[in-house]
Amino acid sequence: MAAGFKTAEPLEYHRSFLKENCRPDGRELGEFRLTTLNIGSINTADGSALVKIGNTTVICGIKAELAAPSTDAPDKGYIVPNVDLPPLCSSRFRPGPPGEQAQAASQFIADVIDGSKIIKKEELCIEKSKLCWVLYCDIICLDYDGNLLDACVITLLAALKNIQLPTVTINKETDLADVDIQHKRHLHINKQPVASTFAVFDDTVIIVDPTAEEESLASSLITAVTDEDDQICAFHKPGGTPLSAEKLQDCITRAVMRHREIDRLIDKVIESTKPSK
Amino acid sequence: MKMEQSVCEPVCTVLREYACEQNILSKPDGSASFKQGDTSVLAGVYGPAEVKVNKEIYDRATLEVVIQPKVGMQSVRERAREQCVRETCEAALLSTLHPRSSLTLVLQVVHDDGSLLSCCLNAACMALMDAGLPMSRLFCGVTCAIDAESQIITDPTAQQEKECRALMTFAIDAKDRNVMMSSTRGSFSVEEE
């Protein structure tokens with residue numbers, strides 16, 4: 000009977016739960032779903048990570064290639080993120096060129112990388128004006144159940160912590176690059192940005208970590224990205240109903256708390272992969 | 000039009016000289032041109048018109064936003080901006096008054112000298128008004144930049160945008176002055192926001 004009500008009047012169905020300060024899957028309004036992380040699963044990639052927030056599954060693979068740096072930034076390498084939402088993850092995505100949601104997500108991730116200065120692009124430079132690393136970060140969603148941006152940021156951060164770049168020297172005589180696969184080094188991660196997504200219902204109730212159904216019924220979505228110094232790297236609210244400054248402040252406070260939880264999770268997983276190396 | 004600042008002392012609260020003209024194009028149902036300093040955006044609105052069956056929504060109008068850059072093809076950056084503009088306009092429009100219809104908003108960048116997204120939002124709002132579409136609220140766009148000395152600059156030029164450490168664009172609702180849309184780049188502390 001509840002299933003019938005849910006299909007006929009999904010908004011009323013969710014409202015009846017929100018009145019009791021809880022949600023259909025039993026969570027509190029401020030509770031995130033169980034987050035699990037797996038690092039280094041793709042052997043053919045230089046760095047990889049898989050994250051699951053509830054049912055939402057996102058995997059990131061990073062491949063490093065050599066290229067010449069651009070003329071207006073001769074001492075910087077490149078990081079190129081690309082978010083892909085294949086038809087596999089949800090029936091709402093059709094095959095073909097990337098849709099608006101995928102492109103907006105790719106742009107958001109690129110802005111987070113630039114804005115939070117997660118790694119110094121100067122570190123990717125091997126020789127000024129001659130050779131640099133390009134990191135192609137492919138983020139693919141395998142199962143879409145809401146809260147895509149949070150998962151993308153976590154998986155990107157974990158993959159960047161996992162990546163190992165071989166040392167490259169330029170042979171003075173031939174002027175060609177000499178790649179030494181035996182000696183690899185990790186990247187130095189400056190900041191650890193973590194995203195938290197909120198959905199607003201009826202202009203008043205704010206819930207954390209929306210599922211796909213909650214996202215489609217919400218009047219507005221907010222994503223706040225914070226780093227470990229409690230600085231805001233991105234505050235993304237792509238339109239929707241107006242919100243007062245206090246509500247925005249509450250979101251930021253919750254995002255800061257979430258940051259600590261995810262930090263502990265990533266550190267734990269990285270520690271656990273160390274002895275096996 | 001001066002903005003109220005709450006915490007940091009801004010260097011410049013004054014916006015660049017802005018100008019707006021409505022009903023400049025003959026074919027679109029509504030059109031507007033919005034200039035902020037040298038940044039200029041032209042907007043055209045078509046609607047309510049017939050909608051493709053695969054895009055129709057049974058109880059509301061379908062809004063489509065297209066942003067054409069001055070040079071070249073649309074890229075990922077334009078798509079992200081389109082999403083911001085579209086969701087802001089959808090929240091402002093009374094789209095339930097035109098079910099199974101399409102509203103098309105086309106924004107053409109004439110010149111970009113900084114604060115482009117806020118200029119697009121302002122042009123969009125003026126064009127929607129010119130088209131006579133029913134709206135529940137009006138909104139305006141404003142861009143702020145935080146430079147290296149932690150000073151807040153409102154309505155930055157392209158040069159100021161390049162040198163700043165954080166750039167934020169907000170769409171603010173006219174009645175209650177609440178934030179409808181926020182898009183930020185760069186890191187900043189909570190107080191600065």
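Residue numbers (numbering that gives the first Met the number 0), protein chains in the order written: chain A, 0 to 276; chain B, 0 to 192. Yeah, the Cβ is synthetic: ideal placement off N, Cα and C, and Gly gets one too.
(message) Among A:Leu28, A:Ile112, A:Asn54, whose alpha-carbon lies nearest the alpha-carbon of Thr34 (chain A)?
(response) A:Asn54
(message) So, for Arg164 (chain B): in the same chain, excluding its five sequence neighbours on each side, which residues have a beta-carbon less than 8 Å away from its beta-carbon?
(response) Ile145, Asp146, Ala147, Gly185, Ser186, Phe187
(message) By the three-class DSSP mapping on this structure, what secondary structure does Pro80 (chain A) have?
(response) strand
(message) With a threshold of 7 Å on Cβ separation, who are the neighbours of Gly39 (chain A) within its own chain once the five nearest residues in sequence on each side are excluded?
(response) Ser47, Asn161, Thr272
(request) List the DSSP bridge partners of Asn37 (chain A). (result) A:Leu49
(request) Just list the alpha helix (DSSP H) runs in the region 126-183 of chain A, keeping only unbroken ones of 4 residues or longer that don't cross its boundaries, in chain order. (result) 147-161
(request) Count the other CB atoms, across all protein chains shown, that sit within 10 Å of the CB of Val13 (chain B); report buried if there are 16 or more and exposed otherwise. (result) exposed
(request) Run down chain B in chain order and give the residues with a C-beta less than 8 Å from the C-beta of Phe107 (chain A). (result) Ala79
(message) Relative to the C-alpha of Asp179 (chain A), which candidate in A:Asp110, A:Val167, A:Cys88, A:Asp228 has its C-alpha closest?
(response) A:Val167
(request) Would you mind working out which of A:Gln230, A:Glu27, A:Lys5, A:Ser219 sits nearest Val178 (chain B), comparing C-alpha positions? (result) A:Ser219
(request) Decide if Phe33 (chain B) is buried, meaning its Cβ has at least 16 other Cβ atoms within 10 Å, or exposed. (result) buried
(request) Identify, in the order they occur along the chain, each residue of the same chain with its Cβ nearer than 6 Å to the Cβ of Pro23 (chain A), setting aside the five sequence neighbours on each side. (result) Phe16
(message) Let's test the definition: count the other Cβ atoms within 10 Å of the Cβ of Tyr57 (chain B) and tell me whether it reaches 16, buried, or not, exposed.
(response) exposed
(request) Take Pro27 (chain B) and list the residues in its own chain whose beta-carbon comes closer than 7 Å to its own, dropping the five residues that flank it on each side. (result) Gly43, Val44, Tyr45
(message) Cutting at 6 Å between CB atoms, please list the residues of its own chain near Ala48 (chain B), excluding the five before and the five after it.
(response) Ser101
(message) Please list, in chain order, the chain A residues whose beta carbon lies closer than 7 Å to that of Val189 (chain B).
(response) Asp229, Ile231, Ile251
(message) Taking the straight line between their C-alpha atoms, what separation do you get for Ser5 (chain B) and Thr240 (chain A)?
(response) Because the pLDDT of Ser5 (chain B) is 37, which lies under 50, any placement of that residue in the model is unreliable, and the number read from its coordinates should be weighed accordingly. So the alpha carbons of these two residues sit roughly 22 Å apart.
(request) Could you pull out every residue in the same chain whose Cβ sits closer than 6 Å to the Cβ of Val79 (chain A), ignoring the five residues on either side in sequence? (result) Tyr135
(message) Can you check which of these residues, A:Ile58, A:Glu245, A:Cys124, A:Cys151, is closest to Val224 (chain A) by C-alpha distance?
(response) A:Cys151
(request) Taking C-beta pairs closer than 8 Å, name the residues in chain D that Ala90 (chain B) reaches, listed in chain order. (result) Of the protein chains in this structure, namely A and B, none is chain D.
(request) Specify, as a first and last residue, the run of the alpha helix (DSSP H) that Thr73 (chain B) falls within. (result) Here the sequence assigns Gln to residue 73 (chain B), which means Thr is not the residue at that position. No alpha helix (DSSP H) holds Gln73 (chain B); DSSP gives it neither H nor E.
(message) Using CA atoms only, rank isn't needed, just tell me which of B:Ser182, B:Gln67, B:Val52 is closest to Ala60 (chain B).
(response) B:Val52
(message) List, in chain order, every chain A residue whose beta-carbon is nearer than 9 Å to that of Thr87 (chain B).
(response) Pro237, Gly238, Gly239
(request) Report all residues from its chain with a CB closer than 6 Å to the CB of Glu55 (chain B); omit the five preceding and five following residues, and keep chain order. (result) Arg99
(message) If I follow the unbroken beta strand (DSSP E) through Lys75 (chain A), where does it start and stop?
(response) First-last for Lys75 (chain A): undefined, no H or E at that position.
(request) Look at the alpha carbon of Lys276 (chain A) and the alpha carbon of Thr56 (chain A), and state the distance between them as a whole number of angstroms. (result) In this prediction, Lys276 (chain A) has a pLDDT of 42, which is less than 50 and means its spatial position is unreliable; what the coordinates show is noted afterwards. So the two alpha carbons sit approximately 25 Å from each other.
(message) Check whether chain A comes within 9 Å of Ala177 (chain B), counting only Cβ atoms and requiring the distance to be less than that.
(response) It should be pointed out that residue 177 (chain B) corresponds to Asn in this sequence rather than to Ala. It does; some Cβ of chain A falls within 9 Å.
(request) Provide the residue span of the alpha helix (DSSP H) that contains Lys120 (chain A), from first to last. (result) Element bounds for Lys120 (chain A): n/a, residue is neither H nor E.
(request) Mind listing the chain B neighbours of Glu245 (chain A)? Cutoff is C-beta to C-beta under 8 Å, in chain order. (result) The contacting residues do not exist; Glu245 (chain A) stays about 10 Å from chain B at best.
(request) Go ahead and label Asp154 (chain B) buried or exposed: buried means 16 or more other beta carbons lie within 10 angstroms of its beta carbon, across all protein chains shown. (result) buried
(message) Would you call the region 195-211 of chain A in contact with the region 109-120 of chain A, where contact means no fewer than 3 C-beta pairs closer than 8 Å?
(response) no
(request) Name, please, each residue of chain A whose Cβ falls closer than 8 Å to the Cβ of Ala170 (chain B). (result) Gly238
(message) Just to confirm before moving on: does the CB-CB distance between Arg85 (chain B) and Val64 (chain B) stay below 9 Å?
(response) yes
(request) Measuring alpha carbon to alpha carbon, tell me which of B:Glu89, B:Thr183, B:Cys83 ends up nearest Glu99 (chain A). (result) B:Cys83
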